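Novice: Can you read through this structure? Questions will come right after.
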């Protein structure tokens, strides 16, 4: 799992280094966030102590999501994407705070989904290593995640990727087929990729978003 996370982060950094300033300012698949905001969020995940996030949530009597949104936006203010990416590249080798506490499978899933939040919003596809993609799908359907209820969305569905060797048996009358990236992103709650999926189970999946 550690090797898969390294490979995913290597791929993300290489991809992100090629983006233009206009692309960093463009909307991501995370509602209300630019691609640069997503990058700032990834950086915070490798440096922010859990106690700081809890304090931000409690002090403002807000939800976790609200506190996370505010902290990510604040970290993006005044920082260019190249600087944020340099910080991500440096901190990913020795994560602190939340990034150190989060189990490796969930950290892999988080980094991969946010990579897709940027890439798919820009119309880029086939950005993931196939082995990484398959591992993330396993994480999504098997490991409970309080922030991303992918396992609940996938419940009962028969899932099959059309570009890797991954599948999950389920009700054959509720099949969902499509590229691994589209399936990962949709299970993570992003409806953007739904049109790339096919099968009778897609309509059910759409109601669970």
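Residue numbers (the working numbering): 273 to 481. Using N, Cα and C, we set each Cβ at its ideal position, and we do this for glycine too. Computed from a prediction, not measured in an experiment: that's the story for all the values here.
By how many angstroms is the C-alpha of residue 432 removed from the C-alpha of residue 410?
Specialist: Between residue 410 and residue 432, the C-alpha separation is close to 12 angstroms.
Novice: Indicate whether the contact test is met: 3 or more Cβ pairs, each with one atom in the region 421-441 and one in the region 401-409, closer than 8 angstroms.
Specialist: Short answer: they touch.
Novice: Would you identify the three-state DSSP class for residue 420, choosing helix, strand or coil?
Specialist: Looking at residue 420 - three-state DSSP - the assignment turns out to be coil, as it is neither helix nor strand.
Novice: Among 479, 394, 474, which residue has its Cα nearest to the Cα of residue 292?
Specialist: Of the listed residues, the one whose Cα sits closest to residue 292 is 394.
Novice: Using beta-carbon positions only, say whether residue 481 and residue 380 come within less than 8 angstroms of one another.
Specialist: Cβ distance not < 8 angstroms, so residue 481 and residue 380 don't count as in contact.
Novice: Can you list, in chain order, the residues of its chain whose CB lies under 8 angstroms from that of residue 443, leaving out five sequence neighbours each side?
Specialist: Here the set comprises 428, 429, 430, 473.
Novice: Identify the residues that DSSP records as bridge partners of residue 344: which are they?
Specialist: Note: residue 344 sits in no beta bridge, so no partner.
Novice: Could you tell me the distance, in whole angstroms, from the CA atom of residue 445 to the CA atom of residue 475?
Specialist: Taking the straight line joining both Cα atoms gives about 12 angstroms.
Novice: Using only alpha-carbon positions, find the residue among 459, 424, 316, 300 that is nearest to residue 374.
Specialist: Nearest option by C-alpha distance: 316.
Novice: In chain order, what residues of the same chain lie with their CB nearer than 6 angstroms to the CB of residue 320, ignoring the 5 residues before and after it?
Specialist: Taken in chain order, the residues that qualify are 369, 370.
Novice: So is residue 289 buried or exposed if we call it buried at 16+ other beta carbons inside 10 Å?
Specialist: Exposed, since its Cβ has fewer than 16 Cβ neighbours within 10 Å.
Novice: Could you give the distance in angstroms between the alpha-carbon of residue 450 and the alpha-carbon of residue 420?
Specialist: When rounded, the distance between both Cα atoms is 20 angstroms.
Novice: Hey, residue 358 and residue 462 are a contact pair by Cβ (cut 8 angstroms); roughly how many whole angstroms apart?
Specialist: 27 angstroms between Cβ atoms; not a contact.
Novice: Can you tell me which of 308, 384, 286, 284 puts its alpha carbon nearest to the alpha carbon of residue 452?
Specialist: Residue 452 has its Cα closest to that of 384, out of 308, 384, 286, 284.
Novice: Pull up the CB-CB distance for residue 312 and residue 344, whole angstroms please, since I reckon it's below 8 angstroms.
Specialist: 5 angstroms between Cβ atoms; contact.
Novice: Please list, in chain order, all residues of the same chain as residue 397 whose beta carbon is under 8 angstroms from its beta carbon, the five residues on each side excluded.
Specialist: Hits under 8 angstroms: 391, 451, 453.
Novice: Which residues mark the beginning and the end of the alpha helix (DSSP H) in which residue 294 is found?
Specialist: Counting along the chain, the alpha helix (DSSP H) containing residue 294 begins and ends at 293-297.
Novice: Could you compute how far the alpha carbon of residue 459 sits from the alpha carbon of residue 426?
Specialist: Computed Cα separation, rounded: 7 angstroms.
Novice: What three-state label does DSSP hand residue 361 in the structure shown?
Specialist: Residue 361: helix per DSSP, three-state reduction.
Novice: Are residue 422 and residue 413 close, meaning C-beta to C-beta below 8 angstroms?
Specialist: Yes; because the gap between Cβ atoms is below 8 angstroms, this pair is in contact.
Novice: Per DSSP, what kind of secondary structure is residue 310 in: helix, strand or coil?
Specialist: In the structure shown, residue 310 sits in a helix (DSSP, three-state: H, G or I).
Novice: Using a Cβ-Cβ distance under 8 angstroms, would residue 277 count as near chain C?
Specialist: Looking for chain C here will not work: only one protein chain is present.
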